[in-house]
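Structure record follows, encoded as structure tokens.
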Ligand SMILES: [Cu+2]
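In this note's numbering, the protein residues as written are 21 to 432.
In structure tokens form, the structure reads like this:
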């Protein structure tokens, strides 16, 4: 799907599955009732028609199911797609933007087969969840793409449920990083590897020479911490992801702009409140997700800073619905370049802290909460998730209470 900033969108979703599910708009700023989280379940055979106005910068967003306790299984079976946003500014920049030609969606999921059937079993001794032994891109195994332009933009999405990738090109050539989860970076940056945990996106641009081939790969990496996590959580595994095959003659691409514009995420200087989130597989701040409990009450229209600490050695990440944030610090230090753009999901390695700044905008809805959670979906399903609700005025009250509604508002 594709929309421009300022457009009103309406999506009609019909659930043709034999069980209930949801469709969540990951990275989208929108009213809580349209978010597609666990409070907007769609019954088998039923339809759900969310509508909202797109009001955020150009970005590579995506959608996937979010049924409480069943997200891993539903995402694994393939329901994951991109929702691309563009705006006046991105339309003016000289970036590759011909969809399917020099601007390619790259939805990466790891899979495993038992004969001709999917095998969704968890590895023994792994507490990270399902890990496949092959990768699939946009539903294709062993994919390649013939390209006819000198510059090719890859919109990378880690749509795997647990696997952390360290992407690069097989010949170690540099690529340009131009965007992260919530949109374009302030400036184009060259690098040769980018690490991505589940749910994260990165827009990279690869320069091709006529007639050559290169392969996007995931390299072995140390994202998993200690030896045991590494050995059993797949940190050692290399994968070929997508082969790029350049035609003998390539169209000339304009040079990438060095400056891409200002970020719209706050720098934390106007923060009115800090919060702390301690991550363990057993829960966030010692609590497992409960549909009927609002964990944090936010005053709409304010900026906050959240410190998220992984309190043990198991890898986690952290996703916040409705907002994009800026990573201010990783263990008290300035974050690496790939974490300096707008983000909605951030990797939090074992025993590491990240400090984030975000602005909560838009209409408050005291009746429907948004989620924050670990996006390693097995962990999310185990209850590593909490809820925040909006308060309309400036009063800081007690923690909100909320009566669970297992069926969301059905707009038809
Ligand atoms: Cu986790």
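Ideal placement from N, C-alpha and C gives every residue a C-beta, glycine not left out.
Within the same chain, Cβ atoms closer than 7 Å to the Cβ of residue 363 are found at 200, 201, 202, 344, 345, 347, the five residues on either side in sequence being excluded.
With at least 16 other beta carbons inside 10 angstroms of its own, residue 175 counts as buried.
For a cut-off of 8 Å, the C-beta gap from residue 293 to residue 324 is around 5 Å, short enough to register as a contact. Annotation for residue 238: no alpha helix (DSSP H) segment contains it, though the beta strand (DSSP E) segment containing it runs 233 to 238.
Going by C-alpha positions, residue 334 is about 30 Å away from residue 160. At least one heavy atom of ligand 1 lies closer than 7 Å to the C-beta of residue 396. Exposure of residue 383 is indicated by the presence of fewer than 16 other C-beta atoms within 10 angstroms of its C-beta.
Not one heavy atom of ligand 1 falls within 7 Å of the beta-carbon of residue 181. Nearest to residue 28 by alpha-carbon distance, out of 385, 49, 38, is 49. Between the C-alpha atoms of residue 139 and residue 132 there is a straight-line separation of about 5 Å. For residue 399, the Cβ falls inside the 7 Å cut-off from some heavy atom of ligand 1.
Residue 111 sits in a helix when the DSSP states are folded into three classes. By the beta-carbon neighbour count (other beta carbons within 10 angstroms, threshold 16), residue 192 is exposed. The three-state secondary structure of residue 191, taken from DSSP, is coil. Sequence-distant Cβ neighbours of residue 395 in its own chain, meaning closer than 6 Å and more than five residues away, are 218, 219, 337, 339, 365. Positions of the beta strand (DSSP E) runs, each at least 3 residues long and wholly inside the region 343 to 411, are given as 345 to 350, 365 to 368, 373 to 380, 390 to 393, 405 to 411 in order along the chain. With a 10 Å radius around the Cβ and a threshold of 16 neighbouring Cβ atoms, residue 316 comes out buried. Under the DSSP assignment, residue 30 falls in the beta strand (DSSP E) whose first and last residues are 28 to 30. Rounded to whole angstroms, residue 221 and residue 77 show a C-alpha spacing of 15 Å.
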